[in-house]
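Colleague: Below are the structure tokens for one structure; questions will follow.
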Amino acid sequence: MEIKSQSMAVGFKSVSVKEHDTLWSIAKENYSKEFQGSLNDYIREIKRCNSLSSSYINAGSSLV
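In structure tokens:
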């Protein structure tokens, strides 16, 4: 899986969703122990920050 990312202010980074990426795979790749919570909590935070109502993501879109 190739993840192209750019650093953003306040500790967020932008991730370009590639074909066959899942929210789980992106979260697992970018999860940091600095995040105060589990991987599932991290996924919920990604969904909240990106206004996602489901775990479905589209190739070509960007997530923070």
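Take any residue in the sequence shown, note its place counting from 1, add 2, and you have its number in this note's numbering. Beta carbons are placed, not taken as given, at the ideal position from N, Cα and C, and that holds for glycine.
In this structure, how does DSSP classify Lys30 when only helix, strand and coil are distinguished?
Modeller: It is helical.
Colleague: Which term fits Asp23, buried or exposed, when burial requires 16 or more other beta carbons within 10 angstroms of its beta carbon?
Modeller: Burial call: buried.
Colleague: Considering only C-alpha positions, which residue in the set Leu54, Ser27, Tyr44 is nearest to Phe14?
Modeller: Residue Tyr44 is the option with its Cα nearest to Phe14.
Colleague: Specify the secondary structure class of Leu41 as computed by DSSP and reduced to three states.
Modeller: Of the three classes helix, strand and coil, the one that applies to Leu41 here is helix, per DSSP.
Colleague: Tell me whether Gly62 is buried or exposed, calling it buried when 16 or more other Cβ atoms sit within 10 Å of its Cβ.
Modeller: Exposed, since its Cβ has fewer than 16 Cβ neighbours within 10 Å.
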